[in-house]
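Here the sequence shown is numbered in full-length UniProt numbering, starting from 1 and rising by one per residue. The C-beta atom is built at its ideal place from N, Cα and C for all residues, glycine as well. Structure first, commentary second.
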Amino acid sequence: MPKTILIVEDQQVLREIMKEYLTDEGYRVLEAGDGSRALEIFEKDEIDLIILDIMLPELDGWSVCRRIRKTSNVPILMLTARSDEDDTLLGFELGADDYVVKPCSPPILLARTKRLLASRPLPDTGDVLSGGGIRLHLPSRTVTLDGMICSLTHTEIEILACLLKNKGIILTREQLISKIWGYDFTGDDRTLSSHIRNLRFKLGAHANRIVTVVRSGYKFEEQP
């Protein structure tokens, strides 16, 4: 069964271009021209990924992202017309997994989409990765903190899985970026910093399990 992608973009021409590229790749594509319509579609259909423009009528992309993240960790790829760092960081803080600056080339958009939709297996260490009260059930991608469910985004789960698999081992920023986004990643390491910050915030009392090693990277410590 094809993956379903929801494109939320108020510019019809751009929406049609994206739809054509994604449809040619075998995806099922739904469309919304404003934030309110996007939420209606999301509540009624099974969506595998959302391509979400920031500047939208009625409800902007940030508001849509915030509402969706209250109930779902569906991958969200945000589109921004500006390369403003504040826009990007706010998107990550609200739970976006990745972003593309408009005007973007369709092949780049497609590559980012494929990465977020890829069913790459998480580390093969049995069904569960755990440490220091944190438990990640790999088949369901469910995270619990001392038995309580913790809602993480697609990207946050992948970062946590890498750190848990390598407990006590320093992973450089470059290693984490290549593992999570691939060797062809075109962004910068502020993207990783934003996701790490959000992950720590969601881990609450367990945030200090993720240790920053100055000028090196990060590691997971069961007893920091």
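Here isoleucine 210 is buried, its C-beta having at least 16 other C-beta atoms within 10 Å.
Using a 10 angstroms sphere on the CB of asparagine 208, the tally of other CB atoms stays under 16, which defines it as exposed.
In this structure, the CA atom of arginine 67 is about 21 Å from the CA atom of valine 100.
The beta-carbon distance between leucine 77 and leucine 52, rounded to whole angstroms, is 7 Å. This is short enough to meet the 8 Å contact definition. Contact check for isoleucine 180 against threonine 155 passes: the beta carbons are separated by less than 8 Å. Taking a C-beta distance under 8 Å as the contact criterion, histidine 206 and glycine 132 qualify as a contact pair. Close CB contacts of aspartate 97 within its chain, under the 8 Å cut and outside five residues either way in sequence, are with Pro75, Ile76, Leu77, Leu116, Thr153, His154, Thr155 (chain order). Annotated as proximal: isoleucine 170 and lysine 219, with beta-carbon spacing under 8 Å. Taking the CA atoms as reference points, alanine 118 sits about 16 Å from alanine 161. Distance from threonine 113 to isoleucine 5 at the Cβ level is roughly 7 Å; contact confirmed, criterion being Cβ atoms closer than 8 Å. Residue burial is scored here from C-beta neighbours: phenylalanine 201 has fewer than 16 other C-beta atoms within 10 angstroms and is therefore classed as exposed.
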